[in-house]
Amino acid sequence: MKILAVGGGGREHAIVEALARSGADIYVCMKNNNPGIAKRAKDCLLAEETDLPKVVEYAMAKGVSLAVIGPEAPLEIGIADKLEAAGIPTASPTAAAARIETSKSFTRRLMEERRMNGRIRFVVADDMVAAGRAIDELGESVVVKPTGLTGGKGVKVFGEHLMSRKDILAYAGEIFDKRIGGSAQLVIEEKLVGEEFTLQAFCDGSRLAPMPAVQDHKRAFEGDTGPNTGGMGSYSQADGLLPFLSRSDYDDAVDIMRNVVGALREMGTEYKGTLYGQFMLTKEGPKVIEFNARFGDPEAMNVLSIIDSDFAGICEKMAGGGVSPKDAGFAPRSTVCKYVVPEGYGTKSMAGEEIRIDETAIAGEGAVLYYANVNEKDGRLYTTTSRSAGIVGVADQIEDAEAIAENAIRHVSGRIAVRHDIGKKDVLDARVRHMREVREG
Ligand code: AMP
Ligand code: GLY
114 MKILAVGGGG REHAIVEALA RSGADIYVCM KNNNPGIAKR AKDCLLAEET DLPKVVEYAM
174 AKGVSLAVIG PEAPLEIGIA DKLEAAGIPT ASPTAAAARI ETSKSFTRRL MEERRMNGRI
234 RFVVADDMVA AGRAIDELGE SVVVKPTGLT GGKGVKVFGE HLMSRKDILA YAGEIFDKRI
294 GGSAQLVIEE KLVGEEFTLQ AFCDGSRLAP MPAVQDHKRA FEGDTGPNTG GMGSYSQADG
354 LLPFLSRSDY DDAVDIMRNV VGALREMGTE YKGTLYGQFM LTKEGPKVIE FNARFGDPEA
414 MNVLSIIDSD FAGICEKMAG GGVSPKDAGF APRSTVCKYV VPEGYGTKSM AGEEIRIDET
474 AIAGEGAVLY YANVNEKDGR LYTTTSRSAG IVGVADQIED AEAIAENAIR HVSGRIAVRH
534 DIGKKDVLDA RVRHMREVRE G
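So for the sequence shown, the working numbering puts the first residue at 114; every next one is plus one.
Dropping the structure here:
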């Protein structure tokens with residue numbers, strides 16, 4: 114089967130590897146020349162992923178019979194609508210269904226209207242007066258988010274990035290003035306306390322097949338400090354749960370996702386594709402931080418490294434119907450993914466610097482390498498402003514997977530940064546302790 118994959122990051126490299134294991138002939142549209150993807154693909158179009166006429170024309174010319182979209186930007190502007198209109202079934206949501214990610218106000222309101230489990234207190238504000246009233250209503254312990262897409266970097270949290278009412282209002286003013294996230298609208302919501310986790314599910318508009326839970330690390334620096342990023346690394350546990358996450362918490366999160374997909378269907382907006390739920394496990398159970406209309410990056414690298422069912426077949430079912438939980442088979446293994454990023458990532462990345470990645474030595478450590486937003490030019494690799502490469506260790510225990518990833522990272526050099534703490538035993542123990550305190554507190 115000929116399949117179009119869109120995107121050139123670590124997530125998309127993982128998608129392409131999984132499709133290749135299913136025996137698909139892969140055609141890719143990406144904006145950077147990702148060497149890992151280029152190696153697996155039959156052909157690549159180097160173009161902006163949001164240039165929809167170009168992408169659709171390419172897909173038609175190559176005669177693909179299925180498409181999978183990695184990043185959110187083309188989904189927001191309707192790449193799935195355009196491909197399906199051209200007769201190409203697509204395992205990713207339409208622009209209307211992708212609002213679950215692209216509009217935080219849409220999602221919060223949808224959950225509130227239906228009084229769904231997992232909803233939280235929030236106010237949508239379109240001007241400074243409304244922002245001030247939101248603080249009066251919710252108190253100062255809030256999180257401020259532009260309603261539109263910011264690549265995970267637009268969220269500011271009271272007590273971390275914002276220290277007072279004045280700070281909250283100043284950031285609100287900045288969002289309005291600069292139209293951060295593409296519009297002069299923001300969501301102010303209650304600050305949740307607990308442990309975060311990601312749950313991804315394959316979805317065909319009505320049915321869901323959930324994947325193993327993953328914990329990402331959004332902060333740029335060790336010890337969960339510094340600015341929010343797209344994600345610095347992530348881990349998963351062999352049983353599909355996490356050290357602090359019970360089976361019943363996991364099931365509650367699956368129910369929340371099922372309710373959201375059901376609500377979208379009732380609105381006439383079927384959600385087809387991978388649905389990503391980001392949750393905070395609180396004293397009262399899982400609460401929704403946000404949804405994404407795609408795989409997570411890095412989380413895709415955790416789950417797709419251990420998927421042992423036919424991924425291309427699952428994508429066909431997401432596009433055409435027939436997903437069942439049986440479809441999502443994963444090896445009972447733990448994974449740790451560490452992202453190698455350019456120095457300064459999170460504030461000002463050292464882009465355009467050479468980075469050396471010794472593929473053979475990394476494979477020799479038993480680790481899986483996914484190239485991300487690097488550019489290959491004349492046999493050399495250069496950083497961009499985004500993350501450079503994801504390195505995944507797979508083992509029975511998280512600690513062993515961590516050691517594999519860590520050993521492999523020694524074979525990457527250049528002006529780079531890594532969060533070495535991700536997946537380390539003391540960090541995992543601290544998360545379990547934190548969750549116990551939250552539950553008891
Ligand atoms: P988002 O872009 O919505 O995923 O948010 C980025 C990060 O901000 C999350 O990973 C959380 O660490 C934090 N965050 C977002 N919303 C909340 C919330 N309501 N309460 C506490 N932390 C939050
Ligand atoms: N890892 C978070 C995201 O993909 O948005």
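No residue lacks a Cβ here, since even glycine has one placed at the ideal position from N, Cα and C.
Here's the rule: buried if 16 or more other CB atoms are within 10 angstroms of the residue's CB, otherwise exposed. What is residue i?
{"i": "A198", "result": "exposed"}
{"i": "E130", "result": "buried"}
{"i": "G261", "result": "buried"}
{"i": "Q391", "result": "buried"}
{"i": "T338", "result": "exposed"}
{"i": "D410", "result": "buried"}
{"i": "Q313", "result": "buried"}
{"i": "R532", "result": "buried"}
{"i": "K291", "result": "exposed"}
{"i": "R546", "result": "exposed"}
{"i": "E553", "result": "exposed"}
{"i": "S218", "result": "buried"}
{"i": "T460", "result": "exposed"}
{"i": "D317", "result": "buried"}
{"i": "S347", "result": "buried"}
{"i": "D329", "result": "buried"}
Taking CB distances under 8 Å as the criterion, tell me whether residue i reaches chain D.
{"i": "E125", "result": "No chain D is present in this structure, which holds just one protein chain."}
Can you look up residue i in the DSSP assignment and give me helix, strand or coil?
{"i": "S361", "result": "helix"}
{"i": "N147", "result": "coil"}
{"i": "T207", "result": "coil"}
{"i": "K430", "result": "helix"}
{"i": "E480", "result": "Glu is not the amino acid found at residue 480; the sequence shown has Ala there. A480: coil per DSSP, three-state reduction."}
{"i": "A441", "result": "coil"}
{"i": "P187", "result": "helix"}
{"i": "R232", "result": "coil"}
{"i": "T448", "result": "strand"}
{"i": "E250", "result": "helix"}
{"i": "L354", "result": "coil"}
{"i": "A238", "result": "strand"}
{"i": "A180", "result": "strand"}
{"i": "I301", "result": "strand"}
{"i": "V436", "result": "coil"}
{"i": "K152", "result": "helix"}
{"i": "I369", "result": "helix"}
Determine which residues share a DSSP beta bridge with residue i and list them.
{"i": "V487", "result": "T496"}
{"i": "A314", "result": "P323 and L388"}
{"i": "P455", "result": "I529"}
{"i": "T338", "result": "F334"}
{"i": "M393", "result": "E309 and K400"}
{"i": "N405", "result": "Y389"}
{"i": "Q328", "result": "Y348"}
{"i": "Y171", "result": "DSSP output for Y171 lists no bridge partner at all."}
{"i": "I468", "result": "G527"}
{"i": "I139", "result": "I116"}
{"i": "L377", "result": "According to DSSP, which records beta bridges pairwise, L377 is partnered with nothing at all."}
{"i": "I201", "result": "Beta-bridge pairing links I201 to no other residue."}
Which residues mark the beginning and the end of the alpha helix (DSSP H) in which residue i is found?
{"i": "R124", "result": "G123 to R134"}
{"i": "R549", "result": "K538 to E553"}
{"i": "N415", "result": "E412 to L417"}
{"i": "D156", "result": "No alpha helix (DSSP H) contains D156, which is instead part of the beta strand (DSSP E) from D156 to L159."}
{"i": "G346", "result": "Note, G346: premise wrong, no alpha helix (DSSP H); beta strand (DSSP E) at G346 to S349."}
{"i": "L262", "result": "Here L262 belongs to no alpha helix (DSSP H), and DSSP marks it neither H nor E."}
{"i": "L196", "result": "I192 to A198"}
{"i": "A518", "result": "I511 to I522"}
{"i": "E162", "result": "Neither: E162 is in no alpha helix (DSSP H) and is coded neither H nor E."}
{"i": "F217", "result": "A small fix is needed here, since residue 217 is Lys in this sequence, not Phe. Its alpha helix (DSSP H) spans residues K217 to E226."}
What does the alpha-carbon distance come out to for the pair residue i and residue j?
{"i": "V242", "j": "D249", "result": "11 Å"}
{"i": "R153", "j": "E472", "result": "15 Å"}
{"i": "S205", "j": "P187", "result": "11 Å"}
{"i": "R528", "j": "V449", "result": "22 Å"}
{"i": "G267", "j": "E189", "result": "17 Å"}
{"i": "V507", "j": "N488", "result": "27 Å"}
{"i": "I369", "j": "R228", "result": "11 Å"}
{"i": "D352", "j": "I281", "result": "41 Å"}
{"i": "D491", "j": "I233", "result": "51 Å"}
{"i": "V367", "j": "P323", "result": "7 Å"}
{"i": "A211", "j": "G386", "result": "10 Å"}
{"i": "G122", "j": "I213", "result": "22 Å"}
{"i": "G136", "j": "S254", "result": "51 Å"}
{"i": "H274", "j": "R371", "result": "33 Å"}
{"i": "E379", "j": "A514", "result": "42 Å"}
{"i": "E478", "j": "G503", "result": "14 Å"}
Assuming residue i is part of the beta strand (DSSP E), what are its boundary residues?
{"i": "G503", "result": "A502 to A508"}
{"i": "A118", "result": "K115 to V119"}
{"i": "E287", "result": "It is not in any beta strand (DSSP E) - E287 instead sits in the alpha helix (DSSP H) that spans R278 to K291."}
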